[in-house]
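> Sharing a structure with you now.
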Amino acid sequence: MRRYLIALVLGAALLSPATRADEFTTTDVDRWQGEFDSVAKKGRELWTSGAVGTNGVACAQCHPNAANTHPETYPKFQKQLGKVAQLFEMVNWCIKNPLQGTALPADDPKMTAFIAYIHKERKGVAIDAGRH
Amino acid sequence: MTRLITRRSVIAAGAAAGTLTTLPISMVRLAFGGTREDFSFTYISDAHIQQIKGASFVRNWDMGLKRAVAEANLITPEADFVMFGGDLAQLGKKEELDHGGEMLSHLKSKFHCVMGEHDYYFDLGDYWSKLYGPQWYSFDHKGVHFVVLNSILTTDEWTFHRWPTAEQRMLEMAGLDNPNGSPFMVGDKQRAWLKDDLDKVSKDTPLIVFSHSPLQKIYKGWNFWTDDAEQVQALLQPFKNVSVIYGHVHQIQYNQIGNISFNAVMATAWPWPYPDTYSQAGAHVPVLTVPMNRADPFFERDATGWQMIDVNSGRVTARYQLWDNQERVVGYDPKLGKPVDKKYQEAIIRKAPQQHY
């Protein structure tokens, strides 16, 4: 049964997208990608502007191209926070400390923009939650 | 690990650490031939003093520079002089240069300063020059020829014709990863001056060059880069002992290209990731470099610090004073003909630092 399933999946992968059932239309995919890209672009603007803090310090000052943020490792235990934390909680830690600002709600559009930008810059790196 | 360090304690620690191709100080001294003496100087860099508004400045960056100045003043015996490696200001403002300059004015030793892009691109170095004098010059000290370069210049088109305001020009260059920036260069005029200056110096004279950007090409996307690096290197290669010390990269880097040894210095403000951790870029760091540990964001001064530079036999040994991490000592090994870390060595015998990813 398992072998049959693998064969089926491999077979499906070899077929051109046009022959797949119920595939999303290019129009839809392009629109959704565009929506994501525009939010990530907003995130990049916030990342480089310092607008979420009070002292003018921008995220990009320590994290050019969002490097050294390791979004693929969240949630993970942060000993200084004393718990398993999500990425947005670390973003808020940075907003409160180096940027001397006020934490954003998890679903604040600005937070979504940050998370989108961070993930976009880390595209292709394997998920590895909990890693240190 | 936050303790005050004196020069004496560091040397004692180095001696106790023992073997591991410890640079044989006595042998190196012999190589001096008696006419020069070993000496050391202090290197502080990349303070990025940042005005919030009025008399209010970013506390975090202030603390880094204050701490480096305080510790540098505690070294005994006193270093011969202090270098500041550039980026005193964040956005080149008079207020930032004045505020940082006031802190630097507490240094006891004689003082030299290198121009950084954050000092330059607001008023093209005008106010900085009022405080610190010429942007490139040379001096001699105890038999070593020192050269200070302004390596963060770029094209006239970018500098003079692209941006509507000086503020915007400064902001565009201040963003390390900003694609609107422009590659740094020493430029024709300064290279002509450098050639003239070096023509008057014997090729046996040890030469130490200070620049803000690396006079080698590491990663263009973050301007860890000088566009005419090869042309500058060609002027330095004829010398038997050449060292380049640069700031800008906010991390430990070292390399050897021909006769030229390269040492980067730490920032007092904040650390930067190594370029090879940016997964979209495929960038690299010099293979000789054993990276420092990853910065822990919860410790404000982690992966920042300052340096004591020993000059033995005209070669540089950089003693990195890392405030929340183990000190690192990177010195030129005359047998290997390149800089090596005294603890973290060749890959097969290396104690690897924390993994970067």
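Same order as they appear, the protein sequences are chains G and C. In this text, residue positions in the first sequence follow the numbering used here: the first is 1, and each later residue adds one. In this text, residue positions in the second sequence follow the numbering used here: the first is 133, and each later residue adds one. A virtual CB, placed ideally from N, CA and C, is assigned to each residue, including glycine.
(1) Please state whether DSSP places Leu87 (chain G) in a helix, a strand or coil.
(2) Measure the beta-carbon distance from Ala126 (chain G) to Tyr410 (chain C) and round it to whole angstroms, keeping in mind my assumption that it falls under 8 Å.
(3) If the cut is a Cβ gap below 9 Å, which residues of chain C does Pro134 (chain G) touch?
(4) DSSP state of Phe189 (chain C), grouped into three classes?
(5) Taking its Cβ as the centre, do 16 or more other Cβ atoms sit within 10 Å of Arg31 (chain G), making it buried, or is it exposed?
(6) Tyr386 (chain C) CB to nearest chain G CB: under 9 Å?
(7) Near Met317 (chain C), which residues of its chain fall below 7 Å by C-beta distance, leaving aside the five closest residues on each side in sequence?
(8) Would the stretch 241-260 of chain C and the stretch 216-231 of chain C be scored as touching if the rule is three or more Cβ pairs under 8 Å?
(9) Of the residues G:Ala21, G:Gln33, G:Thr27, G:Ala40, which one's Cα is nearest the Cα of Tyr117 (chain G)?
(10) Rounded to whole angstroms, what is the Cα-Cα separation between Glu228 (chain C) and Val190 (chain C)?
(11) With a threshold of 9 Å between beta-carbons, can Met133 (chain C) be considered close to chain G, or not?
(12) Would you tell me roughly how many angstroms separate the C-alpha atoms of Ala103 (chain G) and Lys110 (chain G), rounded to the nearest one?
(13) So, at 6 Å on beta carbons, what are the nonlocal neighbours of Ala435 (chain C) in its own chain, with the 5 sequence-adjacent residues on each side left out?
(14) Counting contacts by CB-CB distance shorter than 9 Å, is Asn92 (chain G) in contact with chain C?
(15) Under a Cβ-count criterion, where at least 16 other Cβ atoms within 10 Å of its own Cβ denotes burial, should Gly43 (chain G) be classed as buried or exposed?
(16) Determine, using beta carbons only, whether Thr174 (chain C) and Trp438 (chain C) come nearer to each other than 9 Å.
(17) What first and last residue would you give for the beta strand (DSSP E) that runs through His244 (chain C)?
(18) Roughly how many whole angstroms lie between the Cα atoms of Gly165 (chain C) and Met90 (chain G)?
(19) Taking its Cβ as the centre, do 16 or more other Cβ atoms sit within 10 Å of Phe394 (chain C), making it buried, or is it exposed?
(20) Report the partner residues of Ala221 (chain C) according to the DSSP bridge assignment.
(21) Can you look up Ala40 (chain G) in the DSSP assignment and give me helix, strand or coil?
(22) Have a look at Lys494 (chain C) and Asn387 (chain C) and give me their C-alpha separation to the nearest angstrom.
(23) Could you tell me which residues DSSP puts in a beta bridge with Leu339 (chain C)?
Straight from the coordinates:
(1) helix
(2) 16 Å between Cβ atoms; not a contact.
(3) There is simply no residue 134 (chain G) to check, as chain G begins at 1 and stops at 132 in what is shown.
(4) strand
(5) exposed
(6) no
(7) Leu285, Thr286, Thr358, Asp359, Asp360
(8) Judged by Cβ distances under 8 Å, the stretch 241-260 of chain C makes contact with the stretch 216-231 of chain C, as three or more pairs qualify.
(9) Out of G:Ala21, G:Gln33, G:Thr27, G:Ala40, the CA that lies nearest to the CA of Tyr117 (chain G) is found in G:Ala40.
(10) 10 Å
(11) Residue confidence is low: Met133 (chain C) scores 35 on pLDDT, short of 50, so the model does not pin down where it sits. Its coordinate-derived value is still stated next. Met133 (chain C) does not count as touching chain G.
(12) Each residue's Cα considered, the two are about 11 Å apart.
(13) Pro403, Ala427
(14) no
(15) buried
(16) yes
(17) 242-245
(18) For Gly165 (chain C), the pLDDT reaches just 43, beneath the cut-off of 50, and the residue's location in the model is therefore unreliable, although a value from the coordinates is still provided. A direct Cα-to-Cα measurement between Gly165 (chain C) and Met90 (chain G) gives close to 57 Å.
(19) buried
(20) C:Ile181
(21) helix
(22) Any answer about residue 494 (chain C) is impossible in this case: the structure gives chain C only from 133 up to 489.
(23) C:His277, C:Val374
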